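Report on the structure given below.
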Amino acid sequence: MALKNLISLSCVVAFAFGCSTRPEHPPIGNESNQSTKVEQVAYSTLSTLPASAPTSVYAYGNSELQTISYWQAKAEASHNGQVANKAIIFIHGGCWLNAYDLSHGKGFYTSLANEGIDTFAVEYRRSGDEGGGWPGSLEDVKSGVSHSLFELSKLGPKEVYIIGHSAGGHLALLASQNTASIPDNITIKSVIGLAAITDIAQYARGENSCQTATTAFMGDTPDNIPYDYKKATPQLSRIPFPVILMQGNEDNIVPTRHSIDDNAQTISIPNGGHFDWLHPQTDSYKALIKVVTAND
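Written out as structure tokens, the structure is:
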């Protein structure tokens, strides 16, 4: 047990510092110039972003972790009127570990709401939580997405994007293979993986801090439980919606090969880092907004 705790702690420390050899950008606060471009964002920078409290929090299960936080779109925001009916259901990452909850993305959710996009962030039980890990985390995400769609249907017709980052991207892709009944006034426009882990068996054989946390999530190695790893590998051809895999080509936590699949559109961001998606001053974030606000 002590060894397991030590391994988990080492994963947390390494992940928190971004596993990066690039210099860390200075903290960005409320007074920051939002026109200034940044890249290779460090995880520690995310907590310095301007953030508001969620508008509402919904429960979708009995655990205190089975919740959805909703950031209501700012009515005055506009991209030429293209975001009035847009919404995002977001699954956060963090190596599937309970050391990382949805709070590290609060600046991101706030920014999306400021763009005029209703944002639902799903919390779920993770490795280290009772009922978390495989397959409990996936079951939570499925339920969280379903409940988010129900709450969204109360807001009127919506075009919805199911988006996940890193390990959350892995779970978002899996959950979208078996999306339950969708309310009549809801249209799923796309499922988007941001630095999503798409080959979990291959990922488990890696050596960075997040890769070595994979066996804790799955319960064993790919060699010992190959069938479980097969079930935990997203089959993008089974997702009944357009799939987009967005990847920074300087991501040092999830290799770029995870963004290549014949059943998905790949969007690559030059110099993009792993956490850039969650920072509103990056090209990665701006590319995501462009996808979501596109006038189809």
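The sequence shown begins at 0 in numbering that gives the first Met the number 0 and counts up one residue at a time. Backbone N, C-alpha and C define an ideal beta-carbon position, used for all residues, glycine too. Please read these numbers as outputs of a predicted model, since none were measured by experiment.
First and last residue of the uninterrupted alpha helix (DSSP H) at Ile-288: 282-291
Where the beta strand (DSSP E) containing Tyr-160 begins and where it ends: 157-164
CB of Val-140 within 8 Å of CB of Ile-67, strictly: no
Alpha-carbon to alpha-carbon, Ala-203 and Val-290: 30 Å
Identity of the residues DSSP links to Met-245 by a beta bridge: Leu-193 and Ile-266
Minimum Cβ-Cβ distance from Leu-48 to chain C less than 8 Å: Checking the listed chains, one finds no chain C in this structure; it contains a single protein chain.
Cβ neighbour criterion (16 or more within 10 Å) applied to Ala-74: exposed
Supposed close pair Ala-72, Gly-115 - CB separation, criterion 8 Å: 5 Å
Residue environment, Tyr-226, which counts as buried when at least 16 other CB atoms sit within 10 Å: exposed
CB of Ile-238 within 8 Å of CB of Val-159, strictly: no
Closest Cα partner of Asn-270 within the set Asp-282, His-164 and Val-253: Asp-282
Cβ shell of Ser-165 (< 8 Å), same chain only, five flanking positions each side left out: Gly-92, Gly-93, Cys-94, Leu-193, Ala-194, Ala-195, Ile-196, Cys-209, Ile-252, Val-253 and His-273
Beta-carbon contacts of Arg-21 that lie in its chain and below 6 Å, excluding the five residues immediately before and after: At Arg-21, the pLDDT of 34 sits below 50, so the modelled position is not reliable; the number obtained from the coordinates is stated separately. Only Gln-39 meet the Cβ criterion.
Three-state secondary structure assigned by DSSP to Ala-83: coil
Val-140, enclosing beta strand (DSSP E) - first and last residue: Run containing Val-140: none in the beta strand (DSSP E); it sits in the alpha helix (DSSP H), 135-152.
Within 8 Å, strictly: CB atoms of Ser-55 and Tyr-69: yes
Rounded straight-line distance, which links the Cα of Ala-293 to that of Ala-200: 34 Å
Rounded straight-line distance, which links the Cα of Tyr-99 to that of Cys-18: For Cys-18, the pLDDT reaches just 40, beneath the cut-off of 50, and the residue's location in the model is therefore unreliable, leaving the point undetermined.
For Met-217 and Tyr-228, the rounded distance between their alpha carbons: 8 Å
Simplified DSSP state of Tyr-226, which is helix, strand or coil: helix
Residue environment, Ser-110, which counts as buried when at least 16 other CB atoms sit within 10 Å: buried
Rounded C-alpha distance that separates Asp-275 from Leu-45: 9 Å
Proximity winner among Ile-268, Ala-52, Pro-233 and Asp-183, relative to Gln-176 (alpha-carbon distances): Pro-233
Extent of the continuous beta strand (DSSP E) to which Phe-119 belongs: 117-121
Beta-carbon gap between Ala-263 and Leu-287 smaller than 8 Å: no
Under 8 Å between C-beta atoms of Gln-280 and Lys-105: no
Whole-angstrom distance between Ile-224 and Ala-120, CA atom to CA atom: 31 Å
Buried versus exposed call for Ile-259 [16 or more other C-beta atoms within 10 Å across all chains shown]: exposed
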